[in-house]
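When the count follows the numbering used here, it moves up by one through the sequence shown with no breaks and lands on 72 for the last residue.
For each residue, glycine too, the CB sits at the ideal point set by N, CA and C.
Structure, as C-alpha coordinates:
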Amino acid sequence: MITSATVGGIYGNEEEMGFRISWWGSNGFGQIGIRKFIHSGVINIDSETMSREFVKEVFAKLVDDAQYCE
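Written as C-alpha coordinates, this is what we have:
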(Lines of atoms letter the chains of each structure in order from A and count residues from 1; the text may use other names and numbers.)
(Lines give C-alpha, C1' and ligand atoms only; values in the text may rest on other atoms or scores of the structure.)
Protein backbone atom coordinates (compact mmCIF):
# COMPACT_ATOMS: atom_id res chain seq x y z
CA MET A 1 0.00 0.00 0.00
CA ILE A 2 1.35 3.42 -0.99
CA THR A 3 1.03 5.94 1.84
CA SER A 4 2.67 8.95 0.17
CA ALA A 5 3.95 10.03 -3.25
CA THR A 6 5.44 13.34 -4.35
CA VAL A 7 7.45 14.84 -7.20
CA GLY A 8 11.07 14.58 -6.11
CA GLY A 9 12.70 16.60 -8.87
CA ILE A 10 12.50 17.77 -12.48
CA TYR A 11 15.37 18.09 -14.96
CA GLY A 12 16.14 18.70 -18.60
CA ASN A 13 19.13 18.90 -20.91
CA GLU A 14 19.86 18.68 -24.64
CA GLU A 15 19.33 14.90 -24.75
CA GLU A 16 16.51 14.20 -22.31
CA MET A 17 14.04 15.65 -19.84
CA GLY A 18 12.30 14.01 -16.95
CA PHE A 19 11.18 13.90 -13.36
CA ARG A 20 11.28 11.65 -10.30
CA ILE A 21 8.47 10.56 -8.07
CA SER A 22 9.43 9.67 -4.50
CA TRP A 23 7.15 7.19 -2.75
CA TRP A 24 6.67 5.64 0.69
CA GLY A 25 4.53 2.67 1.60
CA SER A 26 4.04 -0.47 3.64
CA ASN A 27 6.73 -2.23 1.58
CA GLY A 28 9.36 0.51 2.00
CA PHE A 29 10.25 3.58 -0.05
CA GLY A 30 11.88 4.50 -3.33
CA GLN A 31 11.85 6.58 -6.46
CA ILE A 32 10.49 6.19 -9.96
CA GLY A 33 12.32 8.01 -12.73
CA ILE A 34 10.46 9.07 -15.87
CA ARG A 35 12.44 10.48 -18.78
CA LYS A 36 11.83 11.33 -22.43
CA PHE A 37 14.65 11.23 -24.93
CA ILE A 38 14.23 14.40 -26.99
CA HIS A 39 15.47 13.20 -30.39
CA SER A 40 13.73 9.81 -30.46
CA GLY A 41 10.65 10.67 -28.39
CA VAL A 42 11.06 7.43 -26.41
CA ILE A 43 9.76 7.56 -22.84
CA ASN A 44 11.62 5.44 -20.27
CA ILE A 45 10.42 4.53 -16.77
CA ASP A 46 12.99 3.35 -14.20
CA SER A 47 10.97 1.73 -11.43
CA GLU A 48 13.85 0.19 -9.41
CA THR A 49 12.56 -3.31 -10.39
CA MET A 50 8.98 -2.62 -9.24
CA SER A 51 6.15 -3.84 -11.48
CA ARG A 52 4.13 -1.82 -13.97
CA GLU A 53 1.08 -2.25 -11.68
CA PHE A 54 3.06 -0.85 -8.75
CA VAL A 55 4.06 2.21 -10.81
CA LYS A 56 0.37 2.76 -11.60
CA GLU A 57 -0.43 2.60 -7.86
CA VAL A 58 2.21 5.26 -7.14
CA PHE A 59 0.82 7.53 -9.89
CA ALA A 60 -2.71 6.99 -8.53
CA LYS A 61 -1.60 8.06 -5.04
CA LEU A 62 0.12 11.14 -6.48
CA VAL A 63 -3.05 12.13 -8.37
CA ASP A 64 -5.41 11.35 -5.47
CA ASP A 65 -3.41 13.52 -3.05
CA ALA A 66 -2.85 16.43 -5.45
CA GLN A 67 -4.66 19.74 -5.18
CA TYR A 68 -6.60 20.34 -8.39
CA CYS A 69 -6.61 23.73 -10.09
CA GLU A 70 -9.67 24.27 -12.26
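For the candidate residues the options, whose alpha-carbon lies nearest to that of residue i?
i: Gly32; options: Glu18, Ala68, Ser42 and Val57; result: Val57
i: Gly10; options: Trp26, Met3, Glu18 and Glu17; result: Trp26
i: Gly35; options: Glu50, Glu72 and Ile4; result: Glu50
i: Gly30; options: Asp67, Val60 and Val65; result: Val60
According to DSSP, which residues form a beta bridge with residue i?
i: Glu18; result: Phe39
i: Ala7; result: Trp25
i: Tyr70; result: For Tyr70, which the question treats as bridged, DSSP gives no partner whatsoever.
What residue does the beta strand (DSSP E) around residue i start on, and which one ends it?
i: Asn29; result: Here Asn29 belongs to no beta strand (DSSP E), and DSSP marks it neither H nor E.
With 8 Å set as the bound, which would you pick, yes or no: does the beta-carbon of residue i sit closer than that to a beta-carbon of chain C?
i: Gly11; result: Any reference to chain C falls outside this structure, which holds one protein chain only.
Can you name, in chain order, every residue of its own chain whose Cβ lies under 6 Å from the Cβ of residue i, other than the five neighbours on each side?
i: Ile45; result: Lys38
i: Ser24; result: Thr8, Gly10 and Gln33
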